[in-house]
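Comments concern the structure below.
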Amino acid sequence: MGVPGAWHSQQSHPSQSVNPTRILTVSEFGGTVNLKSPTLRIPPRLRGGGCQQRAALEAWRTHDRQGTVILPTGSGKTFLGLQAIADAGVSALVITPTIDLMNQWHATLTNAFGGQLTAEIGVLGGGSHEIAALTVTTYDSAYRYIDEYGDRFGLLITDETHHLAAETYLQIPEMTIAPYRLGLTATYERADGREELLEDRMGPVVYEEVVDNLAGEFLSEYETIQMSVELTSEERSAYDDEYQLYRDYVDTHDFDLWKEQGYAEFLKRTSYDPQGRRALIAKQRAERIARTATKKLDTLDNLLKRHHDDRVIVFTANNDFAYDISREFVLPCITHQTDTDERTEILERFRTGEYSMLATSQVLDEGIDVPAANVGIILSGSASKRQYAQRLGRILRPTDDRQPARLYEIITTDTMETYVSQRRRNGVSSSADG
Numbered sequence: 000m001g002v003p004g005a006w007h008s009q010q011s012h013p014s015q016s017v018n019p020t021r022i023l024t025v026s027e028f029g030g031t032v033n034l035k036s037p038t039l040r041i042p043p044r045l046r047g048g049g050c051q052q053r054a055a056l057e058a059w060r061t062h063d064r065q066g067t068v069i070l071p072t073g074s075g076k077t078f079l080g081l082q083a084i085a086d087a088g089v090s091a092l093v094i095t096p097t098i099d100l101m102n103q104w105h106a107t108l109t110n111a112f113g114g115q116l117t118a119e120i121g122v123l124g125g126g127s128h129e130i131a132a133l134t135v136t137t138y139d140s141a142y143r144y145i146d147e148y149g150d151r152f153g154l155l156i157t158d159e160t161h162h163l164a165a166e167t168y169l170q171i172p173e174m175t176i177a178p179y180r181l182g183l184t185a186t187y188e189r190a191d192g193r194e195e196l197l198e199d200r201m202g203p204v205v206y207e208e209v210v211d212n213l214a215g216e217f218l219s220e221y222e223t224i225q226m227s228v229e230l231t232s233e234e235r236s237a238y239d240d241e242y243q244l245y246r247d248y249v250d251t252h253d254f255d256l257w258k259e260q261g262y263a264e265f266l267k268r269t270s271y272d273p274q275g276r277r278a279l280i281a282k283q284r285a286e287r288i289a290r291t292a293t294k295k296l297d298t299l300d301n302l303l304k305r306h307h308d309d310r311v312i313v314f315t316a317n318n319d320f321a322y323d324i325s326r327e328f329v330l331p332c333i334t335h336q337t338d339t340d341e342r343t344e345i346l347e348r349f350r351t352g353e354y355s356m357l358a359t360s361q362v363l364d365e366g367i368d369v370p371a372a373n374v375g376i377i378l379s380g381s382a383s384k385r386q387y388a389q390r391l392g393r394i395l396r397p398t399d400d401r402q403p404a405r406l407y408e409i410i411t412t413d414t415m416e417t418y419v420s421q422r423r424r425n426g427v428s429s430s431a432d433g
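Numbering of the sequence shown is given in numbering that gives the first Met the number 0, commencing with residue 0 and proceeding in unit increments.
Okay, structure coming up:
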């Protein structure tokens, strides 16, 4: 899709490239304003990025300030964004997947550049509608307003840029004239393969760094340890009954569950087929049996005792299980249902050491700054390699003492968890396995 004046990569559409000076003076609210940012400098207190950030910035500059940078969680993608804004010297729009991340970016931009600007950092989303030379927004708000504000920015930064490949969000870069574009992510690939659509809209991947290359120097050393537990005889009997009901239905209808489309077809059929609905419920019951296996919780208890002097995050697949763990082991808990004030308080207490452990579902998987932890315990999760990499990144934040980090994964053997674990670990580096 394209619109008159919209941006396309010079490689694919050389005749439609945009003159960078186009963004210097635009019409706003019927008047003429200059949206070229002042000469911005990153304050000395925020400097000190790693060599990977300097190399990434240079690679981006070499590619005409267009393209995506892939860096592991915790290795400074946000700081790279600040460097890009200062380097480009033009108005910038930063797009994030959530309001929490939007607020986080706003605070970071204000801390870095607030004293150098005549106006506050703009916010579009979460009840705010303020456009400025530096503005932060969400993908949802950008999609809604990009036709109105797409000609006001010279630099487009998309945080967690893999989200941009969604059908509706692709219109955002297409309706933005910004000649400079920077995508930031720790995990570029998508299960549906749509990341291929990003190159024509954001530019190619210009720099990529893997976890193992940074471990020990910029990030802490780490090891991943997989621990297997068995179901009790009663749990095994119940699991097998539920799983067989599910498999019988899937095999009868020949769904290819190895592919995302095959599982989507299964879910679609469950919406109108009573037998399909029963099969889905059976699958969910089987998953819960494996997820809450008695020996898995016993293993968790032993790990929490072993690491009582460490900073520990326990990861689960859903809110209910996170709350179950919170009650069982008396741990503070953060889920999507936790309000902002409570979450901020919990994370601050975790940072200061008042809390040494916490349980969470998926809300901390992406983007939100989490104080340094050195032990992660995965009790359950999806087959997503992205989720696994992000959870690993939660224990690899830069630390002064460089204590080795450990990521435990507790798997119930001979269940669907074995397959799910193999899927999410495939392609994610690890320094050790146990």
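No residue lacks a Cβ here, since even glycine has one placed at the ideal position from N, Cα and C.
Taking the alpha carbon of residue i as the point to measure from, which residue in the options has its own alpha carbon closest?
i	options	result
ALA131	GLU119, ALA141 and TYR138	GLU119
VAL135	LEU155, ASP146, PHE349 and LEU116	LEU155
PRO42	ALA111, ILE345, SER74 and ALA177	ALA111
HIS62	THR417, TYR206 and LEU196	TYR206
VAL329	SER236, LEU299, ARG405 and GLN115	LEU299
VAL419	LYS267, ILE377, LEU406 and GLU241	ILE377
ARG305	TYR407, VAL362, ASP272 and ASP319	TYR407
THR251	LEU92, GLY275 and THR315	GLY275
ILE288	GLN260, ALA321 and ASP239	ASP239
ASP86	GLU57, PRO96, THR95 and VAL93	GLU57
TYR142	ALA404, LEU169 and TRP59	LEU169
Where does residue i sit, in a helix, a strand or coil, going by DSSP?
i	result
LEU378	coil
MET174	coil
THR136	strand
SER74	coil
LEU357	strand
HIS335	coil
GLY125	coil
PHE314	strand
GLY66	strand
ILE84	helix
TYR168	coil
THR343	helix
LEU116	coil
TYR206	strand
ARG21	With a pLDDT of 33 at ARG21, under the threshold of 50, the modelled position of this residue cannot be trusted, and the question is left open.
GLU194	helix
What distance in whole Å lies between the Cβ atoms of residue j and residue i, which are believed to be in contact at a cut-off of 8 Å?
i	j	result
TYR179	GLY153	6 Å
ARG277	LEU244	7 Å
MET174	ASP146	6 Å
LEU183	LYS76	4 Å
In whole angstroms, give me the CA-to-CA distance for residue i and residue j.
i	j	result
GLU327	LEU279	28 Å
ARG64	GLY113	24 Å
SER270	THR167	25 Å
ALA55	VAL374	29 Å
LEU163	ARG200	10 Å
THR157	ALA358	29 Å
HIS307	SER355	8 Å
ILE98	LEU123	10 Å
HIS105	VAL249	47 Å
THR95	GLN82	17 Å
THR72	ARG246	37 Å
ARG40	TYR144	29 Å
ASP340	ILE84	30 Å
Considering only residues of the same chain and omitting the five flanking positions on each side of residue i, which have a CB-CB separation below 6 Å?
i	result
GLU286	none
LEU296	none
PRO208	Reading off the sequence, residue 208 comes out as Glu, not Pro. Cβ neighbours of GLU208 beyond the five flanking positions: GLN51 and LEU70.
GLY121	GLU129, ILE130, ALA131 and THR134
LEU92	THR134, PHE152 and LEU155
ALA281	GLU241, LEU244 and TYR245
GLY125	ILE98
Looking only at its own chain, which residues have a Cβ that is under 7 Å from the Cβ of residue i, when we skip the five neighbours before and after it?
i	result
TYR187	THR67, ILE69, HIS161, GLU194 and VAL204
ALA292	VAL228, LEU230, GLU234 and THR411
ASN318	THR334, HIS335, GLN336 and SER360
LEU302	ILE376 and TYR407
GLU264	PHE254
When you compare the CB of residue i with every CB in chain C, is at least one pair closer than 8 Å?
i	result
ALA237	Of the protein chains in this structure there is only one, and it is not chain C.
Suppose the cutoff is 8 Å on Cβ atoms and the five residues either side in sequence are ignored; what does the same chain contact list for residue i look like?
i	result
PRO172	TRP6, LEU155, THR157, LEU163, ARG180, ARG200 and MET201
GLU325	Here residue 325 is Ser; the residue named in the question, Glu, does not match the sequence. PRO331, CYS332 and ALA358, listed in sequence order.
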